[in-house]
Amino acid sequence: MAKNLVIVESPAKAKTIKKFLGASYDVIASNGHVRDMPKSQMGIDIEHDYEPHYITIRGKGELLAQLRKAVKKADKIYLATDPDREGEAISYHLIAALKLEGKNYKRITFNEITKNAVKSSIKNAREIDMDLVDAQQARRVLDRLVGYSISPLLWEKIKRGLSAGRVQSAALKLICDREDEINAFIPEEYWSLDAYLSANPALKPVCFHYAKDKVKKEELDQVKKEIDGKPFTVSEIKVSEKTKKQPLPFTTSTLQQEAGKKLNFATNKTMRIAQQLYEGVEIKGMGSIGLITYLRTDSTRISEEADKNAKEYIAHQFGENYVGEAKDVKTGKKIQDAHEAIRPTNVELSPVKLKEQLPRDQFRLYQLIYNRFLASRMAPAVYENKTVYATAEEHKFKASTSKVVFDGFMSVYSLDEEKEEKTRLTGLEKGTTLTCAELEEKQHFTQPPAHYTEALLVKTMEELGIGRPSTYASTITTILNRRYVIRENKNLYVTELGAAVNKMMSDAFPAIVDTEFTANIESLLDSIEEGKLEWKVVIRNFYPDLAESVEKAKESLESVKIADEVSDVPCDQCGRMMVVKYGPHGKFLACPGFPECRNTKTYYEKIGVACPKCGKDIILRKTKKGRLYYGCIGYPDCDFMSWSKPSDKKCPKCGGYMVEKGNKLLCASETCGYTCEREKKENE
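For the sequence shown, the working numbering gives the first residue as 1365, with consecutive numbering after it.
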């Protein structure tokens, strides 16, 4: 019997595919990449047209020897790595590492690991797509040029072990810019007014909101004065029907966002579990099967067969009126339509059927993907909205209610922003007189922009064209692992180290951190994939400017290198004045007599302001995760802390302490709201 060899990336995938293909096929995993550029050097021959130098990855020798033995026994070889640029590049490197040139080999791809998809791919085997390979090579070479050119400067200027990356530096700048916005934000006071009205004193009053938004206190007081004791009349009733469209099926980006919001999954966790669901899970009576389609995609397209099967399932389970006619649309000019959206491979395998067979996290993610896909094939939801306006002395107040007339897709998938309002507005007609039981005023302050969460950062990166579906999770993981950013209660905060790296990158390499530049690079990579551009043209145009920036940065960074700052703390071992040093965990005091004297001390960075609680010095501190804040040097006896820098000025309105916000001073009290201009210091 003729022997066929299929080479895949992971053992889990190999196990699933072997079951479909039978005894005439051997299925072996390469465990990902087998060749790469060396870690110890750049690995790019700049003098010879940027030719990359590839070597066998350390630890892969034994695996490659096994693969070579299997190749010798095989009559035909199928390269079945993932159906994207990176997968195509892995197949390309397997050809070189296994010396397949001249042998009978083909490339196969499938969007889902099911029996039909795998067998169909073998019937449609093809040659290696060198445009895909070249797009991946261009990405790797660009990233290697950036990382290996700039990282040594970070080591010299800040500390060893840091890294710069083309996409990660742009993502870090997004987070730093948002932090700057938040820190400079000045809240503005505004007020709201609620009137509790009733047509019948025996019934519970209904809350009507003053129709104007963000009212000043003076205007509010005037309104209260004018309507005090006056009757309210129902002046208008509006009833409308609202249709809520069904959501699109998941792309990589939207899956990461929803899994973050609904399941509290980090992006790398979402991708890891989705990979498991794609490659194959053991199901009783069925063996190992892939439960979802390929997880790296930015298309919302669904195959005709999957669409037909889903609609038949919906009609049977929910009724014909729940079947939708939605068309999948592509949003944004940079969408690649190579793969379907992420969906279940078999709509008959509902989450309920699999609940007892899947680990908790796999079940929750599968349920999310399944329900979102099913919802995308269903009819829209229909709401009835009712708004009643009540007027007193020409001042309008309104109350609204909404109810679901037809739940449609919401019978399986709820959207967070859609909430049914239960306000009781029955029995009211135009002209009905209402009495006011109570007027309630509330003070509010405008809120700063929200901190980035992983979900919001992924959404922003996608909107700006920074990175691609396969890079979002790895980019975020990198900046977290490097301690440039920390995650607290879902929010991402820049550390002192991250701020220092971002400042250097922004000063010395503004193009690298520029979001438009980074997005333009992604467009060029797409052009390479489409065969419209030769990959080395991009490198030739990119590297000379990078090399020039690196040389300029070397000169400027050396010229601004600052000597150790001398503190006012004497060394208690030799009497010398200790100096401020910067270590892996931040600043510390060290004796300048090193190595004769190795004395070190904790460094307290005083800001020259007394603690409002106890009068001791306020110092700059860090949380355990590395986020900066201001606290009392007397901790734990004094628990004062502030995220914003305290000022030595007292609030003239309430007497409390004030904090610096850009060029303003703001009262720290949430209910005071006093602000004034801040006097600039001589060194600013």
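By construction, the Cβ of each residue, glycine as well, lies at the ideal position given by its N, Cα and C atoms.
Check: residue i C-beta below 8 Å from any heavy atom of the ligand ADP
i: V1746; result: By its list of ligands, the structure shown contains no ligand whatsoever, and the ligand ADP lies outside what it can speak to.
Own chain partners of residue i with C-beta closer than 6 Å, once the 5 adjacent residues on each side are dropped
i: D1871; result: none
i: G1696; result: Any answer about G1696 is weak, because its pLDDT of 46 lies below 50 and its placement is not dependable; what the coordinates show is given next. So no residue of the chain qualifies.
i: S1374; result: A1393, E1643
i: I1522; result: A1864
i: P1402; result: I1419
i: K1698; result: Because K1698 sits at a pLDDT of 46, beneath the cut-off of 50, its placement in the model cannot be relied upon, and the point is left open.
i: K1594; result: A1756, E1757
i: K1823; result: Q1621
i: Y2021; result: P1976, P2010, A2032
i: C2018; result: S2033, C2036
Endpoints, beta strand (DSSP E) assigned at residue i
i: N1749; result: 1745-1756
i: F1770; result: 1759-1770
i: P1874; result: Unbroken run through P1874 is the alpha helix (DSSP H), 1874-1877; no beta strand (DSSP E).
i: I1982; result: 1981-1986
i: D1932; result: 1929-1934
Range covered by the alpha helix (DSSP H) that runs through residue i
i: S2008; result: First-last for S2008: undefined, no H or E at that position.
i: H1457; result: 1449-1461
i: D1413; result: No alpha helix (DSSP H) holds D1413; DSSP gives it neither H nor E.
i: T1616; result: 1616-1627
i: P1976; result: No alpha helix (DSSP H) contains P1976, which DSSP labels as neither H nor E.
i: S1838; result: 1836-1845
i: Y1465; result: One detail in the question is off: residue 1465 reads as Glu in this sequence, not Tyr. Element bounds for E1465: n/a, residue is neither H nor E.
i: D1390; result: Where D1390 is concerned, there is no enclosing alpha helix (DSSP H), although the beta strand (DSSP E) it sits in stretches over 1389-1393.
i: L1584; result: 1581-1591
i: E1669; result: 1668-1681
Neighbour-count burial assignment, residue i, 16 or more Cβ in a 10 Å radius
i: L2029; result: buried
i: E2041; result: exposed
i: P1330; result: The chain is shown only over 1365 to 2048; residue 1330 falls outside these bounds and no answer can be derived.
i: L1567; result: exposed
i: T1799; result: exposed
i: F1809; result: exposed
i: M1941; result: exposed
i: V1769; result: exposed
i: H1703; result: buried
i: L1856; result: buried
i: N1685; result: exposed
i: H1457; result: buried
i: K1896; result: exposed
i: P1908; result: exposed
i: G1939; result: exposed
i: F1737; result: buried
Same chain, Cβ closer than 7 Å to residue i, neighbours up to 5 away in sequence not counted
i: I1926; result: Below a pLDDT of 50, predicted positions are generally treated as unreliable, and I1926, at 44, falls in that range; the measurement from the model is reported next regardless. Contacts found: none.
i: K1379; result: G1644, S1652
i: I1550; result: K2025, K2028, L2030, T2039
i: G1795; result: T1597, V1598
i: S1667; result: E1704
i: R1490; result: K1470, R1471
i: N1475; result: P1447, A1481, T1657, Y1658, H1703, E1704
i: L1509; result: I1408, Y1907, L1910
i: G1511; result: S1527, A1528, G1529
Sequence-distant residues of its chain with Cβ nearer than 8 Å to residue i (five each side left out)
i: I1892; result: D1495, D1498, A1499, A1502, E1898, W1899, V1902
i: Y1994; result: I1971, I1982, I1983, L1984, R1985, M2005, S2006, W2007, S2008, K2009, P2010
i: I1546; result: P1812, P1813, H1815
i: Y1730; result: L1641, L1655, I1656, P1708, P1715, L1718, L1722
i: E1818; result: Q1620, G1624, A1630, T1631, I1840, R1851, K1854, L1856
i: K1951; result: V1944, K1945, Y1967, E1969
9 Å Cβ cutoff met for residue i and residue j
i: C1955; j: V1943; result: yes
i: I1408; j: H1417; result: yes
i: S1599; j: K1760; result: yes
i: I1371; j: I1441; result: yes
i: P1447; j: T1478; result: no
i: G1772; j: Q1610; result: yes
i: Y1560; j: C1571; result: yes
i: N1866; j: K1537; result: yes
i: D2012; j: V1973; result: yes
i: L1506; j: F1906; result: yes
i: Y1753; j: I1591; result: no
i: K1626; j: L1526; result: no
i: L1557; j: V1587; result: yes
i: L1428; j: I1492; result: no
* To do: Report yes or no: do three or more beta-carbon pairs, one from the stretch 1618-1633 and one from the stretch 1835-1842, lie closer than 8 Å?
  => Yes: at least three Cβ pairs fall under 8 Å.
* Asked: If we count Cβ pairs, one from each stretch, closer than 8 Å, do we get three or more for the stretch 1506-1518 versus the stretch 1421-1432?
  -> For the pair of segments examined, the stretch 1506-1518 was found not to touch the stretch 1421-1432: the number of CB pairs separated by less than 8 Å stays below three.
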